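Below is one structure, written out as structure tokens; comments come after it.
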Amino acid sequence: MTAQEPEQPSGPAQPAGGQQGGQGGPQAPGPSPVAGLAAEYAAKAGLHRTHDGRVDVLRSAGGAQGIAESIVPGLVFLVAFTITRELTLSLVAALASAAVFTVVRLMQRRPLTQALAGVAGVAISAWLANTTGKAEDFYLPGFFTNAAYILAMVISIAVRWPVAGLLFGFIRNEGVEWRKEPDRVRAYRLGTWIIVAVLALRLIVQVPLYLMGTDGLAALATTRLIMGAPLYILGVWVAWLVTRPAAAEPEAGKDQAA
Numbered sequence: 015m016t017a018q019e020p021e022q023p024s025g026p027a028q029p030a031g032g033q034q035g036g037q038g039g040p041q042a043p044g045p046s047p048v049a050g051l052a053a054e055y056a057a058k059a060g061l062h063r064t065h066d067g068r069v070d071v072l073r074s075a076g077g078a079q080g081i082a083e084s085i086v087p088g089l090v091f092l093v094a095f096t097i098t099r100e101l102t103l104s105l106v107a108a109l110a111s112a113a114v115f116t117v118v119r120l121m122q123r124r125p126l127t128q129a130l131a132g133v134a135g136v137a138i139s140a141w142l143a144n145t146t147g148k149a150e151d152f153y154l155p156g157f158f159t160n161a162a163y164i165l166a167m168v169i170s171i172a173v174r175w176p177v178a179g180l181l182f183g184f185i186r187n188e189g190v191e192w193r194k195e196p197d198r199v200r201a202y203r204l205g206t207w208i209i210v211a212v213l214a215l216r217l218i219v220q221v222p223l224y225l226m227g228t229d230g231l232a233a234l235a236t237t238r239l240i241m242g243a244p245l246y247i248l249g250v251w252v253a254w255l256v257t258r259p260a261a262a263e264p265e266a267g268k269d270q271a272a
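Residue numbers (this note's numbering): 15 to 272.
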């Protein structure tokens, strides 16, 4: 899934190092340190763009394999626990499924960062559930992670460095120049609030199910699947759309023609 930007006049994207081609021609100044940090942040956040400047939302969510890595361990745990009612066996099955993805990435010679992070996350969840003896605690660490993201994004809005601007500004070749325009700052604050709303909705729906204990386990696991990658993709896509720069008005050209 990709989101298309309206056409607008803009300078070409700067190549790496901020240099322009051409023999003996003047070179454009390199990106500012802050803009470089913004680009690095967006890259580390896993946000990707296509060659024509669109955000590749599916790829940014990790692609089909990345999405599978995020949902399969939890699904395996639920199915195993529902069938066997054995917590330890179910936790081992979830860990094994996460480990399989790491092996697959090794065979594909792809970066292991996402897979290892997934294994670490599943391991922490399994350790907690095994320690407390409560199957629903397998999903507890996700609540704290979710809350931490919400806090970070709200702080970014308060200090006028909304996360949506850092991410989308990089893709749109705005760098951090958008901070000089009040309309763009407002747009990126709104985009960040949309992502915050997605994360908050997860907690609003899932925490009551967690508090139901084992009785709410199936519903909790199901909502975790639905409100995981699919809802994230939808939220990022909507945030991208509502932060689009206004389309250029062709009035200047008409005045010159007149």
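Note that the Cβ used here is the ideal one computed from N, Cα and C, for glycine as well. These figures come from a predicted structure and were not determined experimentally.
For residue i, three-class secondary structure by DSSP
| i | result |
| --- | --- |
| residue 28 | At residue 28 the pLDDT is 41, less than 50, meaning the model places this residue with poor confidence; the figure from the coordinates comes in the next sentence. In the structure shown, residue 28 sits in coil (DSSP, three-state: anything other than H, G, I, E or B). |
| residue 134 | helix |
| residue 87 | helix |
| residue 176 | coil |
| residue 242 | coil |
| residue 189 | coil |
Length of the line joining the Cα atoms of residue i and residue j
| i | j | result |
| --- | --- | --- |
| residue 40 | residue 193 | Residue placement at residue 40 is poorly supported in this model, since its pLDDT is 44, which falls under 50; the coordinates still yield a value, given next. Roughly 27 Å between the two C-alpha positions. |
| residue 187 | residue 253 | 17 Å |
| residue 137 | residue 197 | 44 Å |
| residue 195 | residue 178 | 15 Å |
| residue 181 | residue 256 | 14 Å |
| residue 217 | residue 243 | 15 Å |
| residue 96 | residue 171 | 42 Å |
| residue 38 | residue 189 | Confidence at residue 38 is low in this model, with a pLDDT of 46, below 50, so its placement is unreliable and the value that follows should be read with caution. Each residue's alpha carbon lies about 27 Å from the other. |
| residue 42 | residue 176 | Model confidence at residue 42 stands at a pLDDT of 42, short of 50, so the residue's coordinates are unreliable; what they give is reported in the following sentence. Cα to Cα, residue 42 sits roughly 28 Å from residue 176. |
| residue 219 | residue 135 | 21 Å |
| residue 100 | residue 144 | 11 Å |
| residue 204 | residue 130 | 33 Å |
| residue 105 | residue 141 | 9 Å |
Nearest to residue i (by Cα), restricted to the options the options
| i | options | result |
| --- | --- | --- |
| residue 202 | 211, 183 and 219 | 183 |
| residue 174 | 195, 153, 158 and 199 | 199 |
| residue 259 | 227, 249, 191 and 156 | 191 |
| residue 133 | 123, 181, 118 and 207 | 118 |
| residue 87 | 93, 112 and 95 | 112 |
| residue 206 | 141, 167 and 243 | 167 |
| residue 165 | 149, 209, 131 and 130 | 209 |
| residue 212 | 157, 84, 248 and 135 | 248 |
| residue 237 | 103, 101 and 156 | 156 |
| residue 139 | 158, 124, 123 and 245 | 158 |
| residue 163 | 102, 225 and 215 | 215 |
| residue 90 | 103, 229 and 78 | 103 |
| residue 93 | 185, 123 and 234 | 234 |
| residue 231 | 246, 169 and 151 | 151 |
| residue 84 | 127, 229 and 141 | 127 |
Endpoints, the alpha helix (DSSP H) within which residue i is located
| i | result |
| --- | --- |
| residue 229 | Note, residue 229: premise wrong, no alpha helix (DSSP H); not H, not E. |
| residue 152 | Careful: residue 152 lies outside any alpha helix (DSSP H) and carries neither H nor E. |
| residue 257 | Unbroken run through residue 257: none, as it is neither H nor E. |
| residue 121 | 101–122 |
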